[in-house]
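> Here the sequence shown is numbered in my numbering, starting from 223 and rising by one per residue.
Here you go, one structure.
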Amino acid sequence: MAGIINWNELWKMLRLSSPWRRTLDEPAGSFWDRRAKRFNESMMQNRERAEKQIAKIALNPEYTVLDVGAGTGRLAIPIAKQVKSVTAIDPSRGMLACLQENMEKEGVENITCINKRWEDIELGADIEPHDVVIASHSLAMLDMQEALAKMNASAKKCVYIFTFAGRWMDGGLWEKIHGETRPSWSDYIYLCNILHDMSIYANVEIWDSEYEQRYKSLDEAVTKMKEMYDLTSEKERFLREHLSKILVEDDGTLCLKRKSKSAMIWWKKNAHE
Ligand SMILES: C[S@@+](CC[C@H](N)C(=O)[O-])C[C@H]1O[C@@H](n2cnc3c(N)ncnc32)[C@H](O)[C@@H]1O
223 MAGIINWNEL
233 WKMLRLSSPW
243 RRTLDEPAGS
253 FWDRRAKRFN
263 ESMMQNRERA
273 EKQIAKIALN
283 PEYTVLDVGA
293 GTGRLAIPIA
303 KQVKSVTAID
313 PSRGMLACLQ
323 ENMEKEGVEN
333 ITCINKRWED
343 IELGADIEPH
353 DVVIASHSLA
363 MLDMQEALAK
373 MNASAKKCVY
383 IFTFAGRWMD
393 GGLWEKIHGE
403 TRPSWSDYIY
413 LCNILHDMSI
423 YANVEIWDSE
433 YEQRYKSLDE
443 AVTKMKEMYD
453 LTSEKERFLR
463 EHLSKILVED
473 DGTLCLKRKS
483 KSAMIWWKKN
493 AHE
């Protein structure tokens, strides 16, 4: 039940008025299709981050795990090595193609991929309940309450959501480029409040994260970031100027260090009944 503030409506408003709205306007998956290779390249370099996340999830060799918005399998693959099976859901064919390549490289065979948006998944038809449901930096749905209710219904034991607290990990770069001053819609606080309105009183853990990206040159950094952020040439000038100020020379490379606060929201199924 919504209180004085309707958090789900507030979420929708922020989501629709953010420059990331384009991910909702484009055909499902196409935004991440264009970024899949780059994302895979950079995220697979940051295994430590994935290990830190996975260490927080209670896993068991008998468990089945559902990964909502699994992407390239950054979490799904190491998790699959510890559990009975993983179901990876993602609307991006490009991200799932990388996941399948990564599975082959790592000799993992117990992941089933479903190429759909979470909104289009029907519990009981597409999937059965899993012991553990996770979603890491993938909750981009417009109706968050509906998405969270389906995650709760799909879990037999626990749900874990990973996102950011405050601004996300680009250290405000996106906001600087676009002159965006609104609060970041990916902030964990909206999810907690939406859950609270659903009578799910979730646990929250927040920690400092550091993310490091290395480039051979300023040109390479600009090209990669321009692609990631889908920037026009006018904004590219701004990006170049900004990157030239923040990239640090280290060991023959240009290093971009970004700090953020990571958040994990988690709850045990039926803990509040
Ligand atoms: C930033 S990536 C994160 C991937 C992975 N969970 C990780 O932590 O590395 C976001 C992923 O969420 C997926 N995604 C976006 N909207 C989605 C939706 N409506 N349903 C399911 N997945 C979605 C994207 O396709 C993309 O693969």
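No residue lacks a Cβ here, since even glycine has one placed at the ideal position from N, Cα and C.
Since Gln367 contacts Met420 with CB under 8 Å, what's their CB separation in whole angstroms?
Indeed, because the Cβ distance is near 6 Å, the residues count as touching under 8 Å.
> So what's Thr294 in DSSP terms, helix, strand or just coil?
Coil, per DSSP.
> Give the DSSP bridge partners of Ala387, in chain order.
Answer by DSSP bridge pairing, in chain order: Lys483.
> Could you give the C-beta distance for Trp340 and Ile311, rounded to a whole number, given that I count them as a contact under 8 Å?
Trp340 to Ile311, Cβ: 6 Å. Contact.
> Who are the near neighbours of Trp254 in its chain, counting only those whose CB is closer than 6 Å to its CB and skipping five residues on each side?
Ser314 and Met317, listed in sequence order.
> Alpha helix (DSSP H) containing Asp441: first to last residue?
From DSSP, the alpha helix (DSSP H) with Asp441 extends over Leu440 to Tyr451.
> By Cβ distance below 7 Å, which residues in the same chain neighbour Leu461 in space, the five residues on each side in sequence not counted?
Excluding positions up to five away in sequence, the list reads Ile399, Val444, Met447, Lys448 and Leu453.
> Let me check one thing: in DSSP terms, what residues is Lys490 bridge-paired to?
Lys490 pairs with Cys380.
> If you compare alpha carbons, which of Leu297, Glu471, Ile411 and Leu465 is closest to Met265?
Checking every option, the nearest Cα to that of Met265 belongs to Leu297.
> Could you tell me which of Lys338, Val355, Asp353 and Val354 sits nearest to Ala347, measuring between CA atoms?
Closest by alpha carbon: Lys338.
> Counting along the chain, where does the alpha helix (DSSP H) carrying Trp254 start and finish?
Counting along the chain, the alpha helix (DSSP H) containing Trp254 begins and ends at Ser252 to Met265.
> Under 8 Å, do Ala357 and Val290 count as touching if we go by C-beta distance?
Contact: yes.
> Is Ser406 near ligand 1, going by C-beta to nearest heavy atom under 7 Å?
Every heavy atom of ligand 1 is 7 Å or more from the Cβ of Ser406, so no.
> Do Thr385 and Ala485 come within 8 Å of each other at the CB atom, strictly closer than that value?
Contact flag set, yes.
> According to the Cβ coordinates, are Lys491 and Cys414 closer than 8 Å?
Contact flag unset, no.
> What is the residue span of the beta strand (DSSP E) that Thr454 lies within?
Neither: Thr454 is in no beta strand (DSSP E) and is coded neither H nor E.
> Measuring only from the beta carbon, is Arg339 closer than 7 Å to any heavy atom that is part of ligand 1?
Yes, since a heavy atom of ligand 1 falls inside the 7 Å radius drawn around the Cβ of Arg339.
> Beta-carbon within less than 6 Å of Ser431's beta-carbon, same chain only, minus the 5 sequence neighbours each way: which residues are those?
Closer than 6 Å at Cβ, skipping near neighbours: Ser482 and Ser484.
> On the DSSP bridge list, what partners appear for Thr309?
Thr309 is bridged to Leu288 and Thr334.
> Can you find a heavy atom of ligand 1 that lies under 7 Å from the Cβ of Asp312?
Yes - ligand 1 has a heavy atom lying nearer than 7 Å to the Cβ of Asp312.
> Quick check on this structure: which residue in Ser466, Glu331, Ser406 and Glu323 has the alpha carbon closest to the alpha carbon of Thr309?
Cα-wise, what sits closest to Thr309 is Glu331.
> Under the three-state reduction of DSSP, which class applies to Asp247: helix, strand or coil?
Reduced to three states, the DSSP call for Asp247 is helix.
> For Trp254, verify whether its CB is less than 7 Å away from any heavy atom of ligand 1.
Indeed, a heavy atom of ligand 1 lies less than 7 Å from the Cβ.
> How should Asn425 be labelled, buried or exposed, when 16 other C-beta atoms within 10 angstroms of its C-beta is the threshold for buried?
With fewer than 16 other Cβ atoms within 10 Å, it is exposed.
> For Lys467 and Glu326, what's the separation of their Cα atoms in angstroms?
So the alpha carbons of these two residues sit roughly 40 Å apart.
> Starting from Ser406, trace the beta strand (DSSP E) in both directions and tell me its first and last residue.
Ser406 -> no beta strand (DSSP E), and no H or E assigned at all.
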